[in-house]
Amino acid sequence: MADNKSSPSGPTERHQDPIAPLTFLDNNSSAPSAAKDQSQILREGHITLRWQPDPRADGYRVIDHSGAVIYEGRMARGFVSGLPDGEYEFTAVSVGQDLETIEKSQEPLRVVVQHHSLETAGLIFSVGALVVLILFGVLVAGGRRGLSND
Amino acid sequence: MNDSFEPVLDPRVGYVLMAVFGLLWVGLGIWWGRRAKTYEGYAVAGRNVGLALGAATAVATWITSNTTMLAPQLALELGVWGMLAYATASFGLFAFAPMASRIRQLMPNGFTAVEFVRRRYGHVSAGLFLMISLFYAMTWLISMAMAGGKLLEVLAAIPYQQGMTVVLTVCVLYTLFGGLFAVIGTDFIQSVIIMIGLIVVVVAILLNINIGDVHQNLTEQRPMLLSVLFPAALMALFNNMLFGFGEIFHSNVWWSRAFAMRESVGGKAYMLGGLLWLPIPVLAGFIGLAAPALGVGISQPDTVGPLVAARLLGTAGAVLVFVIVFCSLASSIDSLLAATADLLAHDVLLPAAEAAGMQPSDSLKRWCAGGAVIVLGLIAWMVALPNISDLASVLFFAGPLVASCIWPIVGGLYSPRPGRWAAIIAMALGSCIGLWFYFAIGWYVASLTGAAVSGLAFGLITYFNPNQFNFKDLSQL
Chain D
2 MADNKSSPSG PTERHQDPIA PLTFLDNNSS APSAAKDQSQ ILREGHITLR
52 WQPDPRADGY RVIDHSGAVI YEGRMARGFV SGLPDGEYEF TAVSVGQDLE
102 TIEKSQEPLR VVVQHHSLET AGLIFSVGAL VVLILFGVLV AGGRRGLSND
Chain Y
685 MNDSFEPVLD PRVGYVLMAV FGLLWVGLGI WWGRRAKTYE GYAVAGRNVG
735 LALGAATAVA TWITSNTTML APQLALELGV WGMLAYATAS FGLFAFAPMA
785 SRIRQLMPNG FTAVEFVRRR YGHVSAGLFL MISLFYAMTW LISMAMAGGK
835 LLEVLAAIPY QQGMTVVLTV CVLYTLFGGL FAVIGTDFIQ SVIIMIGLIV
885 VVVAILLNIN IGDVHQNLTE QRPMLLSVLF PAALMALFNN MLFGFGEIFH
935 SNVWWSRAFA MRESVGGKAY MLGGLLWLPI PVLAGFIGLA APALGVGISQ
985 PDTVGPLVAA RLLGTAGAVL VFVIVFCSLA SSIDSLLAAT ADLLAHDVLL
1035 PAAEAAGMQP SDSLKRWCAG GAVIVLGLIA WMVALPNISD LASVLFFAGP
1085 LVASCIWPIV GGLYSPRPGR WAAIIAMALG SCIGLWFYFA IGWYVASLTG
1135 AAVSGLAFGL ITYFNPNQFN FKDLSQL
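Sequence order for the protein chains is D and Y. According to the working numbering, the first sequence is numbered sequentially starting from 2. According to the working numbering, the second sequence is numbered sequentially starting from 685.
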């Protein structure tokens, strides 16, 4: 979800505007995430949050829309998982040695969790069980007849 | 300063540990290398490995950094089902136990899995199988190298590039000098260290954790991890099992051991190895699930296992965890290097030399295998250097490819009816359709669909176009 608006606007402009500290980044690049304008949809209920580091920070926290701290550590990335269906909002906070707040994200990251349907999961589960059962049957039958096929 | 802001081990201690164990493994590799003068000694350890070494190498090879790092990651991503899904990889060892005996019986002078496919199904099948094998082996090797770098950075703040380079270099050196003798010998030592260390770590963690707190934390903040109706996790269960089957059934890592063990040993060694391995990912997964309740900041889910263990147990525990994971990395990287180098030497370089009219001497074969170890290590280093992805996405991309090999291998070992077209189409269709599902839905269905499509194709073509293969052709030199 790279932010296409961050491209240079003319042939004479060869630099990009610096990314503000604590701006959430796209997971596969260092471009700012576009999720401030549209929500990401998560199918497995987990996401790795990455943000632009704050040079003043000794560590970071991530808080959700309810104010709960869901990450606290020294890396500028945090992993959240196990979320049920619903909409979520995350804010990154840089903190000092004594956990005092230095700065917060200017824009929170919004995500929507929408798990696969149970019908789809049940179908895949059943197919898998069938394949494994057949495989075990072939192994057992093959082991018993193996010598006779030589 | 909040503990979660500091590395758990002093970087100087980390560097010392790397140096001590690095020198130990390289020294052992040189020492054991005295027995690996011939190609047969270098590639299959003289075909005389006993039960203790056989079981130890099975356990050590399968206890990869994935076991200590990916199992907790799956637990954090997919909950209890994810943890159990990872543990089903032990079923692959159980299933391979009778196959190992069958392989040894049918090919008493064999060297590689590709050799089996070539003799059983022909050159086209072997070429396709070789591509899949090499892709999987390199994917696994790179993921191990990345794991080494990540671990050392998380535990001791050793820069990723430095840690990854040291781990890979040590493994390349002792594998280069000692071949499969060195690999299996160091596996035995590493497996003892890993097993004892894990027992100590798990007991210590269980004494420090309140299970009720863990459950409450997960219920409040990550409820889906405890749900039995977690859709992605349900899809992952048999997917992971079939991925494990595909990994073990096709990979020359396991075939080379089957060739290396004495004829009556292989089945028992793999069964014992599977039993010893089974509880380990469950324990590692539990550690991952406990991380949120312990206030451990999770930045990268694939490092949470070692990080939690190290934080709970203090400096001594951190040293122990560092040693355990370093051993598990080395025991897998060396196996991959040795087995994949054998593939390149035996099934690519030497046939090319013979096609050019050369008669490769035993010494040349030995040097080809050694050269392949260096090349493989170099490629893995270059790809792992930028650290662009996490372990699961790197490794599971190979899932549908290896799962598509299950039926050609099993069918080829036990039935004379499958022919080359059954094998070729099964591998090709299974890989392509499995990869489509990988991108369309996710990694947690890719191996399953690859195996299902491959099985269907293999069965139908065998039914309508049966052969009558003579198994005695497999044992001819």
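Quick reminder that beta carbons are idealized off the backbone N, C-alpha and C, glycines included. All figures in this text were calculated on a predicted structure; none of them were measured in a lab.
Beta-carbon spacing of residue i, residue j below 7 Å
| i | j | result |
| --- | --- | --- |
| Ser1016(Y) | Thr748(Y) | yes |
| Asn923(Y) | Ala977(Y) | no |
| Gln98(D) | Asp55(D) | no |
| Gly832(Y) | Val851(Y) | yes |
| Ala968(Y) | Val992(Y) | no |
| Ala1029(Y) | Ala1068(Y) | no |
| Phe80(D) | Pro1150(Y) | no |
| Val988(Y) | Pro695(Y) | no |
| Phe1010(Y) | Trp765(Y) | no |
| Ser1115(Y) | Pro1084(Y) | yes |
| Asp1046(Y) | Tyr723(Y) | yes |
| Ile125(D) | Val1129(Y) | yes |
| Leu1020(Y) | Ala821(Y) | yes |
Exposed unless 16 or more other CB atoms sit within 10 angstroms - verdict on residue i
| i | result |
| --- | --- |
| Arg1050(Y) | buried |
| Ile883(Y) | exposed |
| Ala36(D) | The predicted position of Ala36(D) is uncertain, since its pLDDT is 46 and thus under 50; a value taken from the coordinates is nonetheless stated next. Result: buried. |
| Ala142(D) | exposed |
| Lys834(Y) | buried |
| Tyr1147(Y) | exposed |
| Pro1070(Y) | exposed |
| Gly706(Y) | buried |
| Gly813(Y) | It is worth fixing the name first, because residue 813(Y) is Phe in this sequence and not Gly. Classification of Phe813(Y): buried, given that the 10 Å Cβ count is 16 or more. |
| Gln115(D) | exposed |
| Met815(Y) | exposed |
| His47(D) | buried |
| Thr903(Y) | exposed |
| Asn936(Y) | buried |
| Ile868(Y) | buried |
| Gln874(Y) | buried |
| Pro792(Y) | exposed |
| Ile982(Y) | buried |
| Ile42(D) | exposed |
| Leu119(D) | exposed |
| Pro963(Y) | exposed |
| Phe1006(Y) | buried |
| Phe1062(Y) | The question names Phe, but residue 1062(Y) in the sequence shown is Leu. Per the 10 Å Cβ criterion, exposed. |
| Pro22(D) | buried |
| Asp86(D) | exposed |
| Ile787(Y) | buried |
Endpoints, the alpha helix (DSSP H) within which residue i is located
| i | result |
| --- | --- |
| Ser875(Y) | 844-892 |
| Arg788(Y) | 773-790 |
| Gln905(Y) | 895-905 |
| Asp1018(Y) | 988-1028 |
| Asp1046(Y) | 1046-1068 |
| Thr796(Y) | Premise fails: Thr796(Y) is in no alpha helix (DSSP H) and is neither H nor E. |
| Phe91(D) | Careful: Phe91(D) lies outside any alpha helix (DSSP H), inside the beta strand (DSSP E) at 87-96. |
| Leu43(D) | Premise fails: Leu43(D) lies in the beta strand (DSSP E), 41-43, not in any alpha helix (DSSP H). |
| Phe914(Y) | Unbroken run through Phe914(Y): none, as it is neither H nor E. |
| Ile125(D) | 119-146 |
| Leu707(Y) | 695-716 |
| Val808(Y) | 807-840 |
Proximal residues of chain D, C-beta to C-beta of residue i below 9 Å
| i | result |
| --- | --- |
| Phe929(Y) | Val133, Leu136 |
| Leu760(Y) | His47, Phe80, Ser82, Gly83 |
| Met848(Y) | Chain D residues near Met848(Y): none, gap ~18 Å exceeds 9 Å. |
| Tyr1098(Y) | Val139, Leu140, Ala142, Gly143, Gly144, Arg146, Gly147, Asn150 |
| Ala993(Y) | Going along chain D, no residue has its Cβ under 9 Å from Ala993(Y), so there is no contact; the nearest lies around 16 Å. |
Chain-ordered chain Y contacts of residue i [CB-CB under 8 Å]
| i | result |
| --- | --- |
| Ser118(D) | Pro915 |
| Phe126(D) | Leu918, Met919, Leu921, Phe922 |
Per-residue contacts from residue i into chain C (C-beta, under 9 Å)
| i | result |
| --- | --- |
| Gly1126(Y) | Of the protein chains in this structure, namely D and Y, none is chain C. |
Opening and closing residue of the beta strand (DSSP E) in which residue i lies
| i | result |
| --- | --- |
| Arg1104(Y) | From DSSP, Arg1104(Y) is part of no beta strand (DSSP E) but of the alpha helix (DSSP H) over 1104-1124. |
| Ile103(D) | 102-105 |
| Ala727(Y) | No beta strand (DSSP E) holds Ala727(Y); the alpha helix (DSSP H) holding it covers 723-728. |
| Val1137(Y) | Val1137(Y) -> not in any beta strand (DSSP E); alpha helix (DSSP H) instead, spanning 1127-1148. |
| Glu73(D) | 70-74 |
| Gly957(Y) | It is not in any beta strand (DSSP E) - Gly957(Y) instead sits in the alpha helix (DSSP H) that spans 950-961. |
Neighbouring residues, chain Y, relative to residue i (Cβ below 7 Å)
| i | result |
| --- | --- |
| Ile87(D) | The amino acid occupying residue 87(D) in the given sequence is Gly; Ile does not appear at that position. Correct list: empty, because the minimum Cβ distance to chain Y is about 11 Å. |
Under 8 Å from the C-beta of residue i: neighbouring residues of chain D
| i | result |
| --- | --- |
| Gly763(Y) | Gly83 |
| Leu1132(Y) | Ile125, Val128, Gly129, Val132 |
Amino acids of chain D, ordered along the chain, whose beta-carbon sits closer than 7 Å to that of residue i
| i | result |
| --- | --- |
| Pro1150(Y) | Per Cβ cutoff of 7 Å: no residues; Pro1150(Y) is ~13 Å from chain D at best. |
Subject >> Chain-ordered residues of the segment 48-72 of chain D with a beta carbon less than 8 Å from chain Y >> reply: So the list reads Thr49, Asp59, Gly60, Ala69, Ile71, Tyr72, given in the order they occur along the chain.
Original post:
Residues in the segment 884-916 of chain Y with C-beta within 9 Å of chain D's C-beta atoms, listed in sequence order?
Top reply: Listed by position along the chain: Leu902, Glu904, Gln905, Arg906, Pro907, Met908, Leu909, Leu910, Ser911, Leu913, Phe914, Pro915, Ala916.
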